[in-house]
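Undergrad: Numbering (our numbering), first residue to last: 1273 to 1454. Backbone N, C-alpha and C define an ideal beta-carbon position, used for all residues, glycine too. This is the structure I have questions about; it appears just below.
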């Protein structure tokens, strides 16, 4: 399928009620996610098409892109750029969960993103830090992370607070010695 064919099909799947509900949550997609996943299954993996779809400002197209891309083919700079373009919480969540976490550059990006000035980018860094706490905490200074959370969370944006709080919870859940502090 071409980008224009996909965009035409996405327009045909749009639902104003879905758009209204998602708008209340800060999201912009208007296609039922089950229908979006069915379209992705039909397209299968198409990295070039995924890159074209992400370059649009269409949230439905961007979500579809995360489902049909080949995460390991992106460079760190490409993913950095894509995270910076994320315009809604769902776009960011899917991009980090389905693409960045599957990429070999995720640790480099975690460090690059965590202290970024842009809200969504910093949130992505904390999402990756949380994954690291859960799956591969060796080498992380968990006490320093707790210090940082304690120092910065109150003044952080709601989106970044959410990600930092998730990290805080996982530190407490997974580390008995730090549980009371967390």
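Could you check what DSSP says for residue 1410 in three-state terms: helix, strand or coil?
TA: Coil, per DSSP.
Undergrad: The alpha helix (DSSP H) with residue 1294 in it runs from where to where?
TA: Per DSSP, residue 1294 belongs to the alpha helix (DSSP H) from 1288 to 1296.
Undergrad: Please specify which runs of the alpha helix (DSSP H), each continuous and at least 4 residues long, are wholly inside the segment 1402 to 1453, giving them in chain order.
TA: Listed in chain order, they are 1414 to 1424 and 1430 to 1446.
Undergrad: So the candidates are 1299, 1348, 1447 and 1326; which of them puts its Cα closest to the Cα of residue 1375?
TA: Per the Cα distances, 1348.
Undergrad: Can you name, in chain order, every residue of its own chain whose Cβ lies under 6 Å from the Cβ of residue 1397, other than the five neighbours on each side?
TA: Excluding sequence neighbours, residue 1397 sits near 1382, 1385 and 1386.
Undergrad: On a Cα-Cα basis, can you pick out the residue from 1283, 1426 and 1411 that is closest to residue 1332?
TA: Looking at the Cα atoms, 1283 is the closest of the given residues.
Undergrad: Which partner residues of residue 1303 appear in the DSSP bridge assignment?
TA: Beta-bridge pairing links residue 1303 to 1286.
Undergrad: Taking buried to mean at least 16 other C-beta atoms within 10 Å of its own C-beta, is residue 1402 buried or exposed?
TA: Looking at its Cβ environment, which holds 16 or more other Cβ atoms inside 10 Å, residue 1402 is buried.
Undergrad: Is DSSP giving residue 1320 helix, strand or coil here?
TA: Note: residue 1320 maps to helix in three-state DSSP.
Undergrad: If you follow the alpha helix (DSSP H) that residue 1388 is part of, which residue opens it and which one closes it?
TA: Segment: none, residue 1388 is in no alpha helix (DSSP H) and carries neither H nor E.
Undergrad: Please list the terminal residues of the continuous alpha helix (DSSP H) segment that includes residue 1343.
TA: Premise fails: residue 1343 is in no alpha helix (DSSP H) and is neither H nor E.
Undergrad: Return the first residue and the last residue of the alpha helix (DSSP H) that residue 1268 is part of.
TA: Lying outside 1273 to 1454, the shown extent of the chain, residue 1268 is not represented and no answer is given.
Undergrad: Leaving aside the five residues before and after residue 1281 along the sequence, list all residues of the same chain whose C-beta is less than 7 Å from its C-beta, in chain order.
TA: Answer for residue 1281: 1311, listed in chain order.
Undergrad: Going by the CB atoms, is the gap between residue 1351 and residue 1337 shorter than 7 Å?
TA: It is not a contact, given that the beta carbons lie outside the stated cut-off.
Undergrad: Going along the chain, which residues of its own chain have a beta-carbon closer than 6 Å to the beta-carbon of residue 1431, five neighbours each way excluded?
TA: Closer than 6 Å at the Cβ level, and outside the excluded window around residue 1431, lie 1391 and 1395.
Undergrad: Could you compute how far the alpha carbon of residue 1450 sits from the alpha carbon of residue 1444?
TA: The straight-line gap from Cα to Cα measures roughly 6 Å.
Undergrad: Note the first and the last residue of the continuous alpha helix (DSSP H) segment covering residue 1362.
TA: Where residue 1362 is concerned, the enclosing alpha helix (DSSP H) stretches over 1361 to 1366.
Undergrad: Using three-state DSSP, classify residue 1276 as helix, strand or coil.
TA: In this structure, residue 1276 counts as helix in the three-state DSSP scheme.
Undergrad: Using a Cβ-Cβ cut-off of 7 Å, state whether residue 1331 counts as contacting chain B.
TA: Although the question refers to chain B, the structure presented lacks it and comprises just one protein chain.
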